[in-house]
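So in my numbering the end of the sequence shown lands on 133, straight run, no missing numbers. Even for Gly, the Cβ is constructed at its ideal location relative to N, Cα and C. None of the values given here were measured: they were computed from a predicted structure. Read the structure below first, then the notes.
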Amino acid sequence: MAAQHTDFALHLAEVRPGLWNWRVLGDDGEAAVTGDTTTKETAYQQGELFRRYLCRFSAERGASGRSARLGPAPLR
């Protein structure tokens with residue numbers, strides 16, 4: 058069973074001039090979701106949006122034992 062995350066941190070890094078990477082890290086230090094953009098401000102906004110979503114999703118799903126990690130949609 059995947060670990061249940063209860064806390065998420067936003068990490069920003071300038072990969073090269075004009076390219077910023079953002080990562081939302083779970084409490085185990087693993088990246089739950091990542092993205093790239095052209096400005097630090099946009100990287101912060103996008104990353105913070107996902108961080109808040111994952112915190113809320115984790116809290117809502119906490120009792121069911123499901124991982125808050127985003128994954129591919131199930132095949133039908």
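For G75, the secondary structure class from DSSP, reduced to helix, strand or coil, is coil. As the crow flies, the alpha-carbon of L111 is around 20 Å from that of T94.
Separation of E98 and A116 (C-alpha to C-alpha, rounded to the nearest whole angstrom) is 27 Å. Cβ-Cβ separation between F114 and V90: approximately 11 Å, too far for a contact (criterion under 8 Å).
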